[in-house]
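Asks: Just dropping this structure here.
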Amino acid sequence: MSKRQQEKSEETRRRVLQAACEAVETGGLDAVNIRTIAKDAGYSIGSVYKHFADVDQLIVAVNHLTLIRIRDAMTETSEAYADPLERLKALAQTYYRFARGNTNLWLALFGHHLPDDQPAPEGHKDENAALLTLIGIALKTLHPELEGAELEARVRTCFAAVHGIVALALENRFVSLSDEVLEKELDFAVSKLVAK
689 MSKRQQEKSE ETRRRVLQAA CEAVETGGLD AVNIRTIAKD AGYSIGSVYK
739 HFADVDQLIV AVNHLTLIRI RDAMTETSEA YADPLERLKA LAQTYYRFAR
789 GNTNLWLALF GHHLPDDQPA PEGHKDENAA LLTLIGIALK TLHPELEGAE
839 LEARVRTCFA AVHGIVALAL ENRFVSLSDE VLEKELDFAV SKLVAK
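In this text, residue positions in the sequence shown follow our numbering: the first is 689, and each later residue adds one.
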């Protein structure tokens, strides 16, 4: 493939992926339709399938971009706080604000399930590991005695607790809280989760 063909192919993939991201942002997972995305991107259906084998692979690519955006936001937050407890609180707030501001993308990330015979993509695993590492660094600073499996379990527990609070809030469950109260309670929950 010539350089020009390669550039054209990359541009096609980028535009198709952008159209898919916009579809998810506005309509959630139900809005991901190859025919509509091809039209919105300005390409044929065949062009979409040239880059994405099926709808699942297109959603995986959208979700990968969402994970990168979450990681970038949380990395920026992490770098802004020297105090590990304040950093953990800020990470929880950043996660919530991202989910609240990008609800359909966030719901797609956790609502899309690949068929049983398809493993989670390596890129997803890498991005998730990067998020957990940000939490782990702050936790290790707070609790130098935590190591190995114990540290990993605590990191995952902290993430799961915050994720659960955020999920309930976004789903407007009867136990969910207003934004203002939820932000205060996230700080409370993080403080208790990481207390000695």
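Cβ atoms here follow ideal geometry from the backbone N, Cα and C, with glycine treated the same way.
1) What three-state label does DSSP hand Pro772 in the structure shown?
2) Tell me which residues share the same chain as Ala719 and place their Cβ nearer than 7 Å to its Cβ, disregarding the 5 neighbours each side in the sequence.
3) Expressed to the nearest angstrom, what Euclidean distance is found between the alpha-carbon atoms of His831 and Pro807?
4) Do the CB positions of Ala796 and Leu717 come within less than 8 Å of each other?
5) Check Asn792 in the structure and name its three-state DSSP category.
6) Under DSSP, the alpha helix (DSSP H) around Ser732 begins and ends at which residues?
7) Please classify Val736: is it buried, with 16 or more other beta-carbons within 10 angstroms of its beta-carbon, or exposed?
8) Can you tell me whether DSSP reads Phe924 as helix, strand or coil?
9) CB Gly811 to CB His752, shorter than 8 Å?
10) Using the C-alpha atoms, what's the distance from Ala726 back to Ser879?
11) Shortest alpha-carbon distance to Leu746 belongs to which of Gln781, Ala826, Pro809?
Replies: Checking against the coordinates, here is how it stands:
1) On the sequence shown, position 84 is the one that residue 772 refers to. Helix.
2) Position 31 of the sequence shown, counting from 1, holds the residue named residue 719. So the list reads Ala711, Val712, once near-sequence residues are dropped.
3) Looking up residue 831 in the sequence shown gives position 143. Looking up residue 807 in the sequence shown gives position 119. Going from the Cα of His831 to the Cα of Pro807 covers about 34 Å.
4) Taking the sequence shown and counting its residues from 1, the one referred to as residue 796 is at position 108. Taking the sequence shown and counting its residues from 1, the one referred to as residue 717 is at position 29. Yes, they are a contact pair.
5) To locate residue 792, count along the sequence shown from 1; it is residue 104. The answer is helix: DSSP assigns Asn792 an H, G or I state.
6) Looking up residue 732 in the sequence shown gives position 44. Where Ser732 is concerned, there is no enclosing alpha helix (DSSP H), given that its DSSP letter is neither H nor E.
7) Within the sequence shown, the letter at position 48 stands for residue 736. Val736 should be labelled buried.
8) Any answer about residue 924 is impossible in this case: the structure gives the chain only from 689 up to 884.
9) Counted from its first residue, the sequence shown places residue 811 at position 123. Counted from its first residue, the sequence shown places residue 752 at position 64. Taking 8 Å as the Cβ cut-off, Gly811 and His752 qualify as a contacting pair.
10) By one-based count along the sequence shown, residue 879 stands at place 191. By one-based count along the sequence shown, residue 726 stands at place 38. Cα-Cα distance, rounded: 47 Å.
11) Translated into positions along the sequence shown, residue 746 becomes position 58. Checked all of Gln781, Ala826, Pro809; the closest Cα to Leu746 is Pro809.
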